[in-house]
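The block underneath contains the structure these notes are about, expressed in structure tokens.
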Amino acid sequence: MTDDRKTEQENRIKRDIREYGGPVLRSGIWNRAMRQTHHNRWTVGSHSMSVCVAALRMSYWLEDKHICYVNHREIVQAALCHDLGIVGRYEKFANNRVCCHQHPLDSAEIARQIYPEISEKTLYTIRCHMWPLCVALPKTREAVIITLADKYVATGEGIPADWLERYQKALNATVLRTTVPARN
Ligand SMILES: [Fe+2]
Ligand SMILES: [Fe+2]
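Going left to right, the sequence shown walks through residues 1288 to 1471 as the numbering used here numbers them.
Okay, structure coming up:
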């Protein structure tokens, strides 16, 4: 991607988040989300923002390739709210399994309070984001995008910061061992 394309896409992301994300980003629960650790060294808030950016990038790609149109309002609202039900998890949920099943439902309720006019379709997108760990199936393109973006971001966040470097060193060492004959 050229520098101009990159800047254009970044401006597009900022515009969409500014247009549709204001109510959640100004809410008290977002402040708490920015302080609650998630996926080791991240926070619920930073994770949700990363999911939002990744989901918007996927949406732009689909649109730019003329594959389909994606509802940006739904993407921003669902991405920013999808894990707000995790805030306060250690006081709210008995264990990780309960948290895994319950937080999408709680997130949808929080989203409804933040956005009283939110569509039922967006609430469903939030409720099914943990698929395949929950029974609700992502049935719309926005739901599929949010589910994929969440897995993509969570996988990257779960990898230790120096993993790539260590992996590269280990791989190089293995390749060298197997391809370069030992000197006597
Ligand atoms: Fe989640
Ligand atoms: Fe998430």
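The C-beta atom is built at its ideal place from N, Cα and C for all residues, glycine as well.
Contacts around residue i, its chain only, beta-carbon distance under 6 Å, and the 5 residues preceding and following it disregarded
i, result
"R1376", "C1386"
"S1314", "I1401"
"L1458", "none"
Beta-carbon proximity of residue i to residue j, cut-off 8 Å
i, j, result
"G1332", "M1321", "yes"
"E1350", "E1429", "no"
"T1427", "T1412", "yes"
"C1421", "H1388", "yes"
"Q1364", "T1409", "yes"
"H1334", "V1440", "yes"
"L1424", "S1394", "no"
"Y1356", "R1299", "no"
First and last residue of the uninterrupted alpha helix (DSSP H) at residue i
i, result
"T1434", "R1428 to G1445"
"T1289", "It is not in any alpha helix (DSSP H) - T1289 carries neither H nor E in the DSSP assignment."
"R1319", "G1315 to A1320"
Residue i, buried or exposed, once every other Cβ within 10 Å from all chains shown has been counted against 16
i, result
"A1381", "exposed"
"M1288", "exposed"
"G1309", "exposed"
"P1391", "buried"
"N1450", "Just to set this straight, residue 1450 is Trp in the shown sequence, not Asn. It is exposed - the Cβ of W1450 has fewer than 16 other Cβ atoms within 10 Å."
"T1294", "exposed"
"D1290", "exposed"
"W1317", "buried"
"G1445", "exposed"
"H1353", "exposed"
"R1414", "buried"
"V1311", "buried"
"V1338", "buried"
Same chain only: Cβ atoms within 7 Å of residue i, ignoring 5 sequence neighbours per side
i, result
"A1342", "I1362, A1366, I1432, I1433 and A1436"
"R1399", "I1405 and L1410"
"V1374", "I1316, R1319, A1320, Q1323 and V1331"
"V1495", "With the chain running from 1288 to 1471 in the structure shown, residue 1495 is simply not present."
"H1416", "H1369, P1391, I1433, T1434 and D1437"
8 Å CB neighbourhood of residue i in its chain, flanking five on each side removed
i, result
"E1396", "G1372"
At 4 residues or longer, and completely inside the segment 1347-1408: list those alpha helix (DSSP H) runs for me, N to C. 1359-1368, 1376-1379 and 1383-1401
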